[in-house]
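Numbering (this note's numbering), first residue to last: 84 to 198.
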């Protein structure tokens, strides 16, 4: 389950995506990635597309079950979209749809067993 400005569903890395628009406020864009899958996630990556066209990839290793990674990225007004990808212990990947910064500049992505 993914929670944010709207309910989103996780899908395979090569799946489609959706983009929403919002009027973000000043300050960093905060993305909370929460693991409730029942297993540790070896890799969490985030693809960030900035309003100037640049793209960046951020990575954290070893998100334990029940744990949270907090990413504070750029100024919220500089972020166009983000996409969070996790690699499961069996090597499969799951990714969110594309997410634009909501007005409060905070998004929580929660991975569950069905994600």
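The C-beta atom is built at its ideal place from N, Cα and C for all residues, glycine as well.
Just so it is clear, the structure is predicted and the values come from calculations on it, not from any experiment.
Looking at the unbroken beta strand (DSSP E) that takes in residue i, where does it start and where does it end?
i           : result
residue 138 : 138–146
residue 130 : 124–133
So which of the options has the shortest CA-CA distance to residue i?
i           : options            : result
residue 130 : 118, 169, 189, 174 : 169
residue 190 : 197, 155, 175, 176 : 155
residue 160 : 173, 176, 187      : 187
residue 176 : 127, 113, 122, 110 : 127
For residue i, which residues in the same chain have their Cβ closer than 7 Å to its Cβ, ignoring the five residues on either side in sequence?
i           : result
residue 132 : 138, 163, 164
Using a Cβ-Cβ cutoff of less than 8 Å, which residues in the same chain neighbour residue i once the five nearest sequence positions on both sides are dropped?
i           : result
residue 151 : 115, 116, 117, 118
The segment 137–144 / the segment 176–191 touching (three or more Cβ pairs under 8 Å):
Too few Cβ pairs lie closer than 8 Å, so no.
Can you check the segment 155–195 for any beta strand (DSSP E) of at least 3 residues that lies completely inside it and give the ranges in chain order?
DSSP runs (the beta strand (DSSP E)) wholly in the segment 155–195: 162–170, 176–178, 189–194.
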